[in-house]
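The sequence shown maps to residues 214 to 714 in the numbering used here.
Where a beta carbon is used, it is the ideal one built from N, C-alpha and C, also for glycine.
Notes follow once the structure below has been shown.
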Amino acid sequence: MSLQLAFAAPVALALVGAVLSLAAEAVERERLSIIVSSVALGAAAVIALVGAATVAPGAVWGVFVSGAGYSMAACVIMALGALACVTSLSAPEKGRAALCGLISISAAALAVLAAANDIIVMVVALETAAVVGYALVALARTPRASEAAMKYFVQGAVATAVLVLGIAAAVLAGVLVPAGGGLSSVLSGSEASAAMIAIALVFAAFAFKLGAFPFHSWAPDTYETAPPEAAAFLSSAVKVGVLVAVYTLLTSVLAQEGLLVRVQWLVAGIAAASVVFGNLAALAQRSYTRLLAYSGIAQVGYGLTAIVTGNGNAALLFVSAYGCAAAGAFAAARAYRSTAPDWDGSIAGMAGFARRAPVLSAALAVLLFSLTGIPPLFGFWGKFLVFLSAAAATSPSWVWLAVVGLLGSVVSFGYYGYVLKTVYFDDSAPEGETSAKEPAAEVLNAAEGDSPSGRESIGPATWVVIGLAAVVLVGGLIPLIGGLTRLVGIDPPGLFTLGPF
214 MSLQLAFAAP
224 VALALVGAVL
234 SLAAEAVERE
244 RLSIIVSSVA
254 LGAAAVIALV
264 GAATVAPGAV
274 WGVFVSGAGY
284 SMAACVIMAL
294 GALACVTSLS
304 APEKGRAALC
314 GLISISAAAL
324 AVLAAANDII
334 VMVVALETAA
344 VVGYALVALA
354 RTPRASEAAM
364 KYFVQGAVAT
374 AVLVLGIAAA
384 VLAGVLVPAG
394 GGLSSVLSGS
404 EASAAMIAIA
414 LVFAAFAFKL
424 GAFPFHSWAP
434 DTYETAPPEA
444 AAFLSSAVKV
454 GVLVAVYTLL
464 TSVLAQEGLL
474 VRVQWLVAGI
484 AAASVVFGNL
494 AALAQRSYTR
504 LLAYSGIAQV
514 GYGLTAIVTG
524 NGNAALLFVS
534 AYGCAAAGAF
544 AAARAYRSTA
554 PDWDGSIAGM
564 AGFARRAPVL
574 SAALAVLLFS
584 LTGIPPLFGF
594 WGKFLVFLSA
604 AAATSPSWVW
614 LAVVGLLGSV
624 VSFGYYGYVL
634 KTVYFDDSAP
644 EGETSAKEPA
654 AEVLNAAEGD
664 SPSGRESIGP
674 ATWVVIGLAA
684 VVLVGGLIPL
694 IGGLTRLVGI
704 DPPGLFTLGP
714 F
């Protein structure tokens, strides 16, 4: 497989799937529309996986990088998009085809973002994914979702303005110099203080897209009110694409003498603050999806920790493990709705679900344990590489950042454990009673075909949760069998030199 094909084929398949999906909806074949999107994204993921395993990384048309870790990022994005579309089969019919079409467009944009080696292409791809994200939230068609989408849009517009301003300042300061379509970072004698201001502005915009502290205020309302399948995609695939782009962007700056330590401390501060705030805020949540939103802020902090050390492999492995577990956890919200149509979206409302849906609850337990970092699950290896890279750094030492991450993981067991304790050990509320004073957004989006008997219904959303739990389990066992370096190289340049096997 050529480099050009490894990059272009997955993106083209995703876009073709989006067009065919919308065409199927136009003739009122909504289920066919969803299937088309899912198959197209699944095929794109397979092609990207082949490219990751067989093609050494290299430049494509001067503005992209394909092969190895870059193709693996595209594979994860496309696969998560396909699973989000499959999850929507358990949702109400209204808006499902449009949702899948939008997910396909966003997946293509995120794959381009992850592969981009040109700042202008990055901005275009990033904003394309952002606009689609606003629409995905609004598709819930509830007052709270509309409000969340508007706040997301307004804050996103501000972040875009900051990004453009930062790029302009970076070019004027000589930090980013377009050179043959690529990213160059020659200081050219510019003042370090001016350069740092420019870098801070650019990084702030990307941190907003990641949902890092203190640029996170859009995330809780967005993930809580969006359709669960949309939240599954936004919380996982978007973070994969953006984090790889941040790695590509900042490593060019990190290599510059005089800026290295300053940029590292900037990113480290955001990473530590995200871990602390996200974990502590999640402890106070009583809405299931809102808890996942705050925990996602903490998870971004772990990913940025890998960026601080320049370890692309750790960043890619961690965000892939997180993406699989987070997508499954949000898909579980849709799956639970099929079993309990009266669920109000609260954690207390999940009491006794293990007796009503034992298979789904077991799969959810695997996913939440992976998010916590319990061995030998996939999430453990992601955090292991992140903390290892931080602890191994010597100039400067980032041991304190690894300690913050470890403590954050311990704290996270409190709120993930609270969910599992409610699911497995609490008694369910008497029929007809609600478990929260105010119903969460999901109660307004109950799926058609819900099981009135209250018994477990193994529908598409449940299969997605089970499948992702299996991926998390198998991904955790692979390093034990074949060695961690077989899964992803430990050396920092491995994101560029991973393939071929």
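Within a 10 Å sphere around the beta-carbon of Lys596 sit 16 or more other beta-carbons, which makes this residue buried. By the 16-neighbour rule on beta-carbons within 10 angstroms, Glu238 is buried. Within a 10 Å sphere around the beta-carbon of Arg244 sit fewer than 16 other beta-carbons, which makes this residue exposed. With contacts defined as CB atoms closer than 8 Å, Leu296 and Leu349 fail to qualify as a contacting pair. Here Ile318 is actually not in contact with Ala443; their C-beta atoms are around 13 Å apart, not less than 8 Å. Around the beta carbon of Ile333, fewer than 16 other beta carbons sit within 10 angstroms, so the residue counts as exposed. By the C-beta density criterion, Lys634 is exposed, having fewer than 16 other C-beta atoms within 10 angstroms. Under a 10 Å Cβ-count criterion, Met335 is classified as buried, with 16 or more other Cβ atoms of the shown protein chains found around its own Cβ. Residue burial annotation: Ile520 is buried, with at least 16 other C-beta atoms found within 10 angstroms of its C-beta. Rounded to the nearest whole angstrom, the CA to CA distance from Gly491 to Ala540 is 18 Å. Under the three-state reduction of DSSP, Ala272 is assigned to strand.
Straight-line measurement puts the Cα of Phe626 at about 28 Å from the Cα of Pro554. Here DSSP, grouped into helix, strand and coil, assigns Ser279 to strand. A Cβ-Cβ distance of about 4 Å is found for the pair Gly536 and Ser449, placing them in contact under the 8 Å criterion.
Taking the C-beta atoms as reference points, Leu517 is found nearer than 8 Å to Ala425.
With the rule of 3 Cβ pairs closer than 8 Å, the segment 473-489 does not count as touching the segment 561-578. Contact between the segment 287-303 and the segment 218-235 is present: three or more C-beta pairs spanning the two stretches fall below 8 Å. Around Val579, the same chain offers Leu590, Ala682, Val685, Leu686 as residues with beta carbons nearer than 8 Å, after the five sequence neighbours per side are excluded.
When DSSP reads this structure, Ser559 sits in a beta bridge with Ser500.
The segment 557-566 makes contact with the segment 489-508; the number of CB pairs closer than 8 Å reaches 3 or more.
Residue pairing from DSSP places Ala329 in a beta bridge opposite Phe277.
The Cβ atoms of Val451 and Ala286 lie no closer than 8 Å to each other.
Scanning Gln368, Met409, Ala576 for the CA closest to the CA of Trp676 turns up Ala576. Looking at the backbone, the Cα of Glu340 and that of Val455 are separated by about 11 Å. Around Arg499, the same chain offers Ser559, Ile560 as residues with beta carbons nearer than 6 Å, after the five sequence neighbours per side are excluded. With contacts defined as CB atoms closer than 8 Å, His429 and Ile316 fail to qualify as a contacting pair.
Inclusion of Ser279 and Leu216 in the CB contact set at 8 Å is warranted, their separation being smaller than that value.
Val617 is positioned such that its CB atom lies closer than 8 Å to that of Ala485. Within the segment 500-556, the complete alpha helix (DSSP H) runs of at least 4 residues fall at 501-522, 525-552. Excluding sequence positions up to five before and after Leu352, its CB lies within less than 7 Å of the CB of Gly308, Ala311, Leu312, Pro440, Ala443, all in the same chain and listed in chain order.
Non-local C-beta neighbours of Pro673 in its own chain, meaning closer than 7 Å and more than five positions away in sequence, comprise Val299, Thr300, Leu302, Ser303, ordered along the chain. With a beta-carbon spacing of about 5 Å, Val513 and Leu423 fall inside the 8 Å limit used to define contacts.
Taking each of Ala374, Phe593, Ala372 in turn and checking the Cα distance to Ala527, the smallest one comes out for Phe593.
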